[in-house]
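Asker: Just dropping this structure here.
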Amino acid sequence: MKKCLVGMLFLWKVTFVFAQKPTGIKGKIIDSKTQKLLENVVVSIENTQLMQLTSNDGVFSFYAVASGNQLLLLHSQGFKDILLSIVISKDQMLDLGVIPMEDNQTVEQQTGLITLLESDLSDDNSGSESTSGLLQSSRDAFQQAAAFNWGQARFRIRGLDSQYATTTINGVTMNKLFDGRSQWGDWSGLNNAVRNQEFTVGSFPSDYVFGGILGTQQINTRASIYRPGTILSFSGTNTNYSWRMTGTYASGMNNKGWAFVVSAGNRWAEEAYFDGTNYNAIAGFISVEKKINDHHSLNFSGFYTPNSRAKNSPNTAEVTELTSEKYNSYWGWQDGKKRNARIKTIEEPILMLNHFYTINDYTTLNSSLTYQFGKITNSNIDYQNANSPDPTYYRKMPSYYSSLYAKDNGEFSGAFTPDYENAEKSEQQFLANNQIDWNALYYANKSPVLDANGNITGYTPSKSNYVLYEDRTDDQTITANSTFNTQVSENLYLTAGGYFSYLKSHNYQQLTDLLGGLYFDDIDMFYNGDQAQSDLNNPNRQVVEGETYGYNFNYLANSLNLFTNFKFTYDKVDFYLAQNFISSNYQREGLYKNGIYATNSLGKSQKVHFDNFGFKGGILFKISGRQQLNFNGAYLSNAPTIRNTFPNSRLNNSVVAGLENETINSLDASYFFRTPKWQTRFSLFYASIKNITQTSFFYAEGIFDDGAGYANTDAFVSQTLTHLDKQNLGAELSVQHQLTTTIMANFSVAYGQYIYNSNPNVTITNDAQATAENPIPVFDFGKATLKNYHQAGMPQQAYALGIEYRDPKYWWIGTNINYLANSFIDISPISRTATFYKNPESGFNFPEASEERARELLTQEEFDPMTLLNISGGKSWKVKGKNIGLFATLNNVLDLKYKTGGYEQARNANFRQLNQDVSSGTPNFGNKYFYGYGRTYFVNVYVNL
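FYI, the numbering for the sequence shown is 58 to 1002, going by my numbering.
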């Protein structure tokens, strides 16, 4: 009886188990064009912890899914995301069958548009650049607009400099120690090789680094994750290059555990959009992976992307009115060809070895060793005992004569005495000779040969008065990195990691072309005696091509960065806590004993050490399957960059006095609403950055007090701002609506207020005042009243409205219209100090310097708003099993002429000089401007084999 009862219970239990039916969903994913099964597609159920990758046969399946309405998201690099609304019924397995994924045309759009912005980089890779390079694969409509539509106007997301974002390759941070920014030119031209990317926005946490307050960009070059096949493309455009060819091959993982990827490309232009701007860039990439076993893989990645581009000049309104927005003063004719004097060259190979260690199903460890080396050069013309070769030099312009004033009459301004006759002659001379005269430079470097009667019979090379040189930086950077990821429990994920980076940066001036002469004197013609010597240990050197002169020093730096990130995930709420620690050390090593700073230039400077901490936290409320509410906050401190630590590094070992860490506070809140037809995000953000240090160089007139005993009131100076604060706040809106199965509309808004939030202290270093008794001639100019002035270099308002049609037969066309406004010129801080009002001859304030007139002179210029219309489209075909595609864009269809940036010239550094210059009606030192592209096109043909 007992055995019978046990048997009946066992049979009942088995029957009950088999009677239970799973509640879930399954499906199979294929490429809509090739019909091939897609592996490693990320499949997730929104606002749940359910996520998995498709198997090698494209299959996914979820069990124990909550019944009711759900949103299923399918995501894979190179394909359009699919968001499906599904209904899960209890005890039923929903079979979605075969789901085709379409190619993401945005990748081709990225190829066509991101590269157009490379020439927007300023000479020193400064923050005037757009942040579009951070958004090459983003999905959000707002981020797409920021990258592809607003980037041509140098829009910056949340008004933040790119140093507040972190770019990583295989988890290795690529931001440079010198200025905190990534050098995107180190992997430019390799769009297909770097298309596997992950992003975070704002201070949201990353699985690879602690990150900044602008976001993170992780580029994955692991060979096994690339889609197998070959991609070839050929492009034509009229922007910063004319032609481009690229090719990429990915093998996929073979049965012996090997996978490799190779990619190469070339971009070139005899003359790009702006006059005299040639361009030449080649790009090479290789990635090789060896899968040792199921736990260990080694991957080697190598980048080599040498590129050079001719620069275009910023111009005053006077110059542009006499020429055009495309005018460029940096070039001239030589032997029937246009030769540009200012070429920027980047050649910095990257070698990276990664070890991917899968400890178990829940834990991974990624370690790497990276070595980057090479050079960045910027060429220019140097000259001695000769006139400036710049055709727009202020003495050569009509305004030099039409803005003349008589000498001061005691304490009062002299009379307005314009010389219109010579102004007219100057204009005619400029129009006839408005480019560099290379032939004249060569003749200036020769001496005439005379016969017995004193007649010139020829010319012979002599001492060069003009030469071409390069400001050159040769960096060597070694970085060791390790990142540990583990799922501690069902709800807790831990990421911990760190890296150590060491930099040796050799900075020097190299003579590259004697321009027909024999040698060049290594002296500074503005000084006499020992002060004129670049190196007192080798005085009166006569340098030839390939030799170093002028300045020569090393930066020595290292940085240790450690971080942890705890992520907690639950059905209705997620939250995270992250923290980091950074220890930085900087030092300058002078290789020349400079004549001006004989006791403070040769050898190593003091070591400058900084310790910094950062904290982040955030919470995500999952209101429903369609709605989310997210809050993020961050507090962190950053060390000043190397660039801003040594204010006069070319000449001496001085460190900025009272140097402090930057402190950063950031808050943002976002509401998300997503359905298969609607994708909406609304965000509010706030960022405060305090104790910023900035250094710049310029020639200023009338800033030193002659009454205090200075021999000259004019000087070439270095200016350092300390305790500069910035405040950035605003809102972002992104709306994307699928009107029909083939028509999609999108609308994006960025509304910001980016201002200076303090009155920083201004110090001026005047090399001419250096003596043995005063080896550091720094002069305190007090506070500059910058508070509430606008940050420069980007629109603070941007709006985009677009519509796109995608035909089932694989062709599409779209258009968008963009309105950008509230862009301001970069102001001169020294003109906002008390010294601005002071007469350098007497030390008293100018009698005519009224508050009302000063307010007019110092009002920050706001650029005209701009409306940009863009059209894009494409078509793809399947021919004999191969995919062929055509993509084209027409940007700024209306051919609008607009300013993307500019700056006030600091030369008129006191009230009287600025007032006289402006009052003349033809200012000789007016603001200088950069201009955007007019109507441009991009056409790309590609083949997937």
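Backbone N, C-alpha and C define an ideal beta-carbon position, used for all residues, glycine too.
These numbers were taken from a predicted model, which means no experiment stands behind them.
Starting from Asp837, trace the beta strand (DSSP E) both ways and give me its first and last residue.
Answerer: 835–840
Asker: Just to confirm, are Ser460 and Thr979 a CB contact at a threshold of 8 Å?
Answerer: yes
Asker: Quick check: the Cα distance between Ser558 and Leu234, rounded to an integer number of angstroms?
Answerer: 9 Å
Asker: So Thr720 and Asn748 are supposed to be a Cβ contact under 8 Å. How far apart are they, rounded?
Answerer: Contact flag correct, Cβ pair sits at about 6 Å.
Asker: Whose CA, out of Asn622, Asn803, Tyr523, lies closest to the CA of Thr540?
Answerer: Asn622
Asker: Entirely within the region 490–530 and at least 3 residues each: give me those beta strand (DSSP E) ranges in chain order.
Answerer: 503–507, 513–518
Asker: Measure the alpha-carbon distance for Val819 versus Asp332 and round it to whole angstroms.
Answerer: 37 Å
Asker: Is Leu953 helix, strand or coil when you go by DSSP?
Answerer: coil
Asker: On a Cα-Cα basis, can you pick out the residue from Asn611, Arg683, Ile343, Val376 that is closest to Leu128?
Answerer: Taking only the C-alpha atoms, the option nearest Leu128 is Arg683.
Asker: Below 8 Å between beta carbons: does that hold for Lys932 and Tyr867?
Answerer: yes
Asker: Whole angstroms is fine: what's the gap from Ser976's alpha carbon to Ala203's?
Answerer: It is roughly 40 Å from the alpha-carbon of Ser976 to the alpha-carbon of Ala203.
Asker: Given a cut-off of 8 Å, decide if Ile276 and Val251 are closer than it, judged by their beta-carbon atoms.
Answerer: yes
Asker: On a CA-only basis, which of Ser711, Asp138, Leu659, Ala744 is nearest Ala691? Give me that one, please.
Answerer: Ala744
Asker: Quick check on this structure: which residue in Thr230, Ala614, Ser381, Asn709 has the alpha carbon closest to the alpha carbon of Gln588?
Answerer: In this structure, Asn709 is the residue among Thr230, Ala614, Ser381, Asn709 with its C-alpha nearest to the C-alpha of Gln588.
Asker: Sort out for me which residues DSSP pairs Tyr988 with in a bridge.
Answerer: Lys956
Asker: Check Thr890 in the structure and name its three-state DSSP category.
Answerer: coil
Asker: For Lys937, is the classification buried or exposed, using 16 other Cβ atoms within 10 angstroms of its Cβ as the cut-off for buried?
Answerer: Within 10 angstroms of the beta-carbon of Lys937 lie fewer than 16 other beta-carbons, which makes it exposed.
Asker: My assumption, with CB atoms under 8 Å, is that Glu484 sits in contact with Leu379. Please give the rounded CB distance.
Answerer: 7 Å
Asker: Just to confirm the assignment, what range does the alpha helix (DSSP H) spanning Leu379 have?
Answerer: 374–379
Asker: Curious, which full-length beta strand (DSSP E) runs of at least 3 residues does the region 589–648 contain?
Answerer: 605–626, 630–647
Asker: Lys395 to Gly389, Cα distance in whole Å?
Answerer: Pairing Lys395 with Gly389, the inter-Cα distance amounts to about 6 Å.
Asker: First and last residue of the alpha helix (DSSP H) that includes Asn701?
Answerer: 699–702
Asker: Which same chain residues, not among the five before or five after Leu410, have their C-beta less than 6 Å away from its C-beta?
Answerer: Phe357, Leu426
Asker: Taking all protein chains shown into account, do 16 or more other C-beta atoms lie within 10 angstroms of the C-beta of Lys783, making it buried, or fewer, making it exposed?
Answerer: buried
Asker: DSSP three-state call for Ser459: helix, strand or coil?
Answerer: The answer is helix: DSSP assigns Ser459 an H, G or I state.
Asker: Between which two residues does the beta strand (DSSP E) carrying Val345 extend?
Answerer: 336–348
Asker: Going by C-alpha distance, which of Asn372, Asn417, Lys85 is nearest Thr449?
Answerer: Out of Asn372, Asn417, Lys85, Asn372 has the C-alpha closest to the C-alpha of Thr449.
Asker: For Gln795, does the three-state DSSP call read helix, strand or coil?
Answerer: strand
Asker: Under a three-way DSSP split, which group does Asn967 fall into?
Answerer: It is coil, neither helix nor strand.
Asker: Work out the CA separation of Tyr608 and His563 for me, nearest whole Å.
Answerer: Those two C-alpha atoms are separated by around 11 Å.
Asker: Since Met851 and Gly237 should fall inside the 8 Å C-beta cutoff, what is the C-beta to C-beta distance between them, to a whole number of angstroms?
Answerer: In fact, because the Cβ distance is near 18 Å, the residues do not count as touching under 8 Å.
Asker: Leaving out five residues on either side along the sequence, give the residues of the same chain with a beta carbon under 6 Å from the beta carbon of Ile343.
Answerer: Val319, Gly359
Asker: Residues in the same chain with beta-carbon distance under 7 Å from Thr111, minus the five sequence neighbours each way, listed in chain order, please.
Answerer: Ile86, Leu95, Glu96, Asn97, Val98, Val100, Phe117
Asker: Do Gln810 and Gly787 have their beta-carbon atoms positioned less than 8 Å apart in this structure?
Answerer: yes
Asker: Nearest to Glu861 by CA position, among Leu140, Ser386, Ile928, Phe473, is which residue?
Answerer: Sorting Leu140, Ser386, Ile928, Phe473 by C-alpha distance to the C-alpha of Glu861 places Ile928 at the top.
Asker: Leaving out five residues on either side along the sequence, give the residues of the same chain with a beta carbon under 6 Å from the beta carbon of Glu919.
Answerer: Phe881
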